[in-house]
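Numbering (full-length UniProt numbering), first residue to last: 1 to 357.
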Ligand SMILES: *Cc1c(COP(=O)(O)O)cnc(C)c1O
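This is the structure:
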């Protein structure tokens, strides 16, 4: 099997070996040291300020999205949410559920946020901005510099879901004045699903300190407090946190976050070059290095997904809902190589010869 989905993705052999090991007891100084190192490397790779903190949530990315909404926002806020697809919609649903006043900027499928659209919300008293920097469902990557300038000008608290973008695209919490960044274990971190990660600026920490969410498990105050001693309030996914540790250290020893991003960008570029001769249209205004969204001109996207999986042992990422037959996505994150790209292209060319596309 070759897995070109957007998560869970393929893990390195080193990470997989840890999955085979016994899970150690964790209320120990040894495990605390692993967690301190995880926090330090996350802050470094997110380019966070020295007074920022990282918390590790046992739960997939959505658990951290929910934790961030309930711990950093209140009914006193007026939130602006970019809704460009199913992940943007998730933030809308969360604000709805927690009764946090919001407006949404609803974008057409595959369309990026434009400056003139954003300008309409200038000086309207919004206190917070929420965006999925890479709307993975459609493969659109938003302009963080533009968003950051807008938030600075309007003094807005900035929450960024970078779950599928972290490591794949440049990200700089400090220079973009980002208050909260969220990511997850099963995207470009290329570990099993089950852990999500929240990086909080000083400003975000002070919002957390003042807030009183009605939830025990996702209370970030206690996560921050326990993190001071390298621990978590409850039993975390110990094994995955050890895998994350190995992966973060590997990125560091390979030359850091820039090198990792370059590697993913090169895979994406190689694939996008090779797909040009095939009957597909790339359907995104502005892409992340993590994913290429493709619209097949001659066949159903879902049929292509099924044939690749069942007859070639290659997994691409299908889309749901109204995009089911229109779009499938090819991921460039996880343990993949140029040779893997070649295998996918060869399979698609074979399907073309068989008149399936
Ligand atoms: C994957 C992803 C999530 C989280 O989804 P989970 O299934 O809860 O891990 C959230 N936002 C974006 C942009 C994602 O790509």
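Glycine is no exception: its CB is placed at the ideal position from the N, C-alpha and C atoms. Source: prediction; values computed, not measured.
Just to confirm the assignment, what range does the alpha helix (DSSP H) spanning residue i have?
{"i": "residue 66", "result": "61-72"}
{"i": "residue 331", "result": "That residue, residue 331, is in no alpha helix (DSSP H); its beta strand (DSSP E) goes 328-331."}
{"i": "residue 31", "result": "29-45"}
{"i": "residue 118", "result": "115-119"}
{"i": "residue 88", "result": "86-97"}
{"i": "residue 306", "result": "301-312"}
Can you tell me whether DSSP reads residue i as helix, strand or coil?
{"i": "residue 4", "result": "coil"}
{"i": "residue 388", "result": "Not covered by the structure: residue 388. The range shown for the chain is 1 to 357."}
{"i": "residue 151", "result": "helix"}
{"i": "residue 222", "result": "helix"}
{"i": "residue 325", "result": "coil"}
{"i": "residue 356", "result": "coil"}
{"i": "residue 206", "result": "helix"}
{"i": "residue 143", "result": "coil"}
{"i": "residue 138", "result": "coil"}
{"i": "residue 184", "result": "strand"}
{"i": "residue 270", "result": "helix"}
{"i": "residue 178", "result": "coil"}
{"i": "residue 50", "result": "coil"}
{"i": "residue 245", "result": "helix"}
Using only the alpha-carbon positions, how far apart do residue i and residue j sit?
{"i": "residue 95", "j": "residue 102", "result": "7 Å"}
{"i": "residue 235", "j": "residue 176", "result": "34 Å"}
{"i": "residue 331", "j": "residue 158", "result": "27 Å"}
{"i": "residue 303", "j": "residue 314", "result": "13 Å"}
{"i": "residue 344", "j": "residue 337", "result": "11 Å"}
{"i": "residue 121", "j": "residue 81", "result": "11 Å"}
{"i": "residue 253", "j": "residue 42", "result": "14 Å"}
{"i": "residue 105", "j": "residue 84", "result": "8 Å"}
{"i": "residue 287", "j": "residue 262", "result": "15 Å"}
{"i": "residue 324", "j": "residue 107", "result": "19 Å"}
{"i": "residue 327", "j": "residue 301", "result": "5 Å"}
{"i": "residue 347", "j": "residue 276", "result": "15 Å"}
{"i": "residue 339", "j": "residue 114", "result": "37 Å"}
{"i": "residue 22", "j": "residue 333", "result": "27 Å"}
{"i": "residue 178", "j": "residue 69", "result": "15 Å"}
{"i": "residue 50", "j": "residue 312", "result": "48 Å"}
{"i": "residue 10", "j": "residue 76", "result": "42 Å"}
Looking only at DSSP bridge pairs, what is residue i linked to?
{"i": "residue 295", "result": "281"}
{"i": "residue 102", "result": "79"}
{"i": "residue 251", "result": "Residue 251 pairs with nothing; no bridge assigned."}
{"i": "residue 239", "result": "Beta-bridge pairing links residue 239 to no other residue."}
{"i": "residue 318", "result": "328"}
{"i": "residue 342", "result": "The partner list for residue 342 (beta bridge, DSSP) is empty, contrary to what the question assumes."}
{"i": "residue 166", "result": "169"}
Can you tell me the Cβ-Cβ gap for residue i and residue j, rounded? I've got them flagged as a contact below 8 Å.
{"i": "residue 359", "j": "residue 289", "result": "A query on residue 359 cannot be resolved here, the shown segment of the chain reaching from 1 to 357 and no further."}
{"i": "residue 67", "j": "residue 199", "result": "Not quite, the Cβ-Cβ distance comes to about 13 Å (not below 8 Å), so this is no contact."}
{"i": "residue 6", "j": "residue 187", "result": "7 Å"}
{"i": "residue 195", "j": "residue 58", "result": "6 Å"}
{"i": "residue 71", "j": "residue 211", "result": "5 Å"}
{"i": "residue 190", "j": "residue 143", "result": "Not quite, the Cβ-Cβ distance comes to about 26 Å (not below 8 Å), so this is no contact."}
{"i": "residue 164", "j": "residue 138", "result": "Not quite, the Cβ-Cβ distance comes to about 12 Å (not below 8 Å), so this is no contact."}
Tell me which residue opens and which closes the beta strand (DSSP E) that residue i is part of.
{"i": "residue 129", "result": "128-132"}
{"i": "residue 161", "result": "157-161"}
{"i": "residue 53", "result": "53-58"}
{"i": "residue 196", "result": "195-200"}
> In chain order, what residues have a CB nearer than 7 Å to some heavy atom of ligand 2?
Replying inline: In the structure shown, ligand 2 is absent; the only ligands present are ligand 1.
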